[in-house]
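Participant: Quick one: the structure is below, and I'll ask about it shortly.
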Amino acid sequence: MSTALYRRYRPDTFTEVIGQEHVTEPLMQALRADKVTHAYLFSGPRGCGKTTSARILARCLNCAQGPTPQPCGTCPSCVELGRGGPGSLDVVEIDAASHGGVDDARDLRERATFAPTRDRFKIFILDEAHMVTPQGFNALLKIVEEPPPHIKFIFATTEPDKVIGTIRSRTHHYPFRLVGPSTLQPYLEQLCATEGVPVGPGVLPLVVRAGGGSVRDSLSVLDQLVAGADADGIDYERAVALLGYTHATLLDDVVDAIAARDGASAFRVVERVISSGHEPRRFVEDLLERLRDLIVIAASGEAAQAVLRDLPADQLERMRGQAAVLGASELSRSADLVNAALTEMTGATSPRLHLELLVARLLLPAADDGSLGLGARLDRVERELAGGARPAADRP
């Protein structure tokens, strides 16, 4: 049975942690200068490296050559705390979600009085620290404030505001953040090359989007795709079907139909969405993202390629044409309509009906007597005049 990717590629050193340089570099400098404090608070979204960094910090502190920013990787402590290691007796990981009461805090306080079994420090890593009760925090307060010299505390949490202020004020707080696509996608490409798995164009942007900036979530999604890949690797069609996203051709068809005011084609796309088993709300989400990309292209011109670097060249060129036909005002109006429809579809009993009504509104800017509808109509008139054609209203 294979090990999950996020476990197989868990970082062993701070230099392997991606997208958190604002945290790892100060920590490495503190280790170089021997200015390590007694308590740390690592906060941020899930899957961004908080617990992993806590383990690396413990590894750096207890390394035989430490404290050091680069663990040797060969001493007993480094081996035990490394990737796939059994763990160390002197590094205690506690899941505060199930051990957050006052009795658990008292037990931890008693254990902290004992000296390390072998290593330099006895380190307590409290995961999901926001789950510790106020009474539990109060029981810990004195030892966190004035711990014995051999004790270090590392609190990891997704909700730092729920950690009581008296504890927060006694820690060095390092906020982790989501990892951007420009950092995450090259990392996933490198990982796929290491695994020897060919990946088709457009697949990794889908993985990054599904992961939402969380490295662990992105690796879990990629792991699922790798598990179902054949000898040819992961192709776009299979990734779209498995992750539930809308195929790019469907989005192209509906945008082209709206630009051409072709109601028959637009509603045929709706029928294809429903008959192929797509969730209407997901389709609307994907359509909103496509409109956002078109707005970026319309506003940025030639510089759009730097912003939308994940798009293949042929797709970007096709979208340039779509943005030119629709115009900035109509794109803005369409995005507002799609965003409003997305809100209305939450919990709707008939999502198909909402989707069809949305398409009807997108096809009829003349029915919108507001400023956005007027701007869309003026945009269309200007483009038709510039192209040498008479406006639709003047045609016989």
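If you use the numbering used here, the sequence shown corresponds to residues 1 to 396, in order.
Using N, Cα and C, we set each Cβ at its ideal position, and we do this for glycine too.
Using 8 Å for Cβ pairs, my map puts F124 next to A112. What's the rounded Cβ distance?
Facilitator: So it is a contact: roughly 7 Å between Cβ atoms.
Participant: With a cut-off of 8 Å, do at least 3 Cβ pairs link the segment 199 to 219 to the segment 172 to 186?
Facilitator: yes
Participant: Could you tell me the boundaries of the alpha helix (DSSP H) in which P351 lies?
Facilitator: 351 to 363
Participant: Just to confirm, are I295 and M319 a CB contact at a threshold of 7 Å?
Facilitator: no
Participant: What would DSSP say about K50, mapped onto helix, strand or coil?
Facilitator: helix
Participant: Within 10 angstroms of the Cβ of L353, are there 16 or more other Cβ atoms? Answer buried if so, exposed if not.
Facilitator: exposed
Participant: Any chance you could list the alpha helix (DSSP H) runs of at least 4 consecutive residues sitting entirely within the segment 232 to 271, in chain order?
Facilitator: With a minimum length of 4 residues, the continuous alpha helix (DSSP H) runs that stay inside the segment 232 to 271 are 236 to 243, 248 to 259.
Participant: Would F137 pass as a contact of K50 if the rule is Cβ separation under 7 Å?
Facilitator: no
Participant: What are the start and end residues of the beta strand (DSSP E) that includes T157?
Facilitator: 151 to 157
Participant: Counting only the same chain and skipping the five closest in sequence on each side, list residues whose C-beta sits under 7 Å from that of P86.
Facilitator: Only E80 meet the Cβ criterion.
Participant: Identify every residue that forms a DSSP beta bridge with A39.
Facilitator: Answer is F153.
Participant: Mark P67 as exposed unless 16 or more other C-beta atoms lie within 10 angstroms of its C-beta, in which case mark it buried.
Facilitator: Here P67 is buried, its C-beta having at least 16 other C-beta atoms within 10 Å.
Participant: Could you check which residue in A306, T3, A139, D293 has the C-alpha nearest to that of A335?
Facilitator: D293
Participant: Between which residues of its own chain and S19 is the CB-CB distance below 6 Å, once the five residues before and five after are set aside?
Facilitator: Per the sequence presented here, residue 19 reads as Gly, with Ser not at that position. Correct list, in chain order: V179, T183.
Participant: From the DSSP output, which residues share a beta bridge with I125?
Facilitator: E93, I154
Participant: In whole angstroms, give me the CA-to-CA distance for P11 and R83.
Facilitator: 7 Å
Participant: Checking 7 Å against the spacing of the C-beta atoms, do F153 and V163 come in under that value?
Facilitator: No. Outside cutoff.
Participant: What are the partner residues of P175, as DSSP defines its beta bridges?
Facilitator: S43
Participant: Taking 8 Å as the threshold, find out whether the segment 90 to 100 comes into contact with the segment 128 to 137 through three or more Cβ pairs.
Facilitator: yes
Participant: My guess is that A241 and Q322 are in contact by the Cβ rule of under 8 Å, so how many angstroms apart are they, rounded?
Facilitator: Not really, about 24 Å apart at Cβ, beyond 8 Å.
Participant: Taking the C-alpha atoms as reference points, what is the distance between D161 and V269?
Facilitator: 46 Å
Participant: Let me check one thing: in DSSP terms, what residues is D230 bridge-paired to?
Facilitator: G233
Participant: Pairing CB atoms from the segment 339 to 353 with CB atoms from the segment 277 to 289, are three or more of them under 8 Å?
Facilitator: yes
Participant: Along the alpha helix (DSSP H) that carries F137, what are the first and last residues, could you check?
Facilitator: Here the alpha helix (DSSP H) through F137 covers 134 to 145.
Participant: Would DSSP call V199 helix, strand or coil?
Facilitator: Three-state result, V199: strand.
Participant: How big is the Cα-Cα spacing for D232 and P198?
Facilitator: 7 Å
Participant: Do we get a CB-CB distance below 7 Å when we pair A210 with the residues of chain B?
Facilitator: Absent from the structure is chain B; it holds one protein chain and no more.
Participant: Between the Cα of G399 and those of L337, A229, A304, L225, spot the shortest distance and give me the residue it belongs to.
Facilitator: There is no way to answer for residue 399, as the model of the chain reaches only from 1 to 396.
Participant: Around the C-beta of R333, are 16 or more other C-beta atoms found within 10 angstroms, so that it is buried, or is it exposed?
Facilitator: buried
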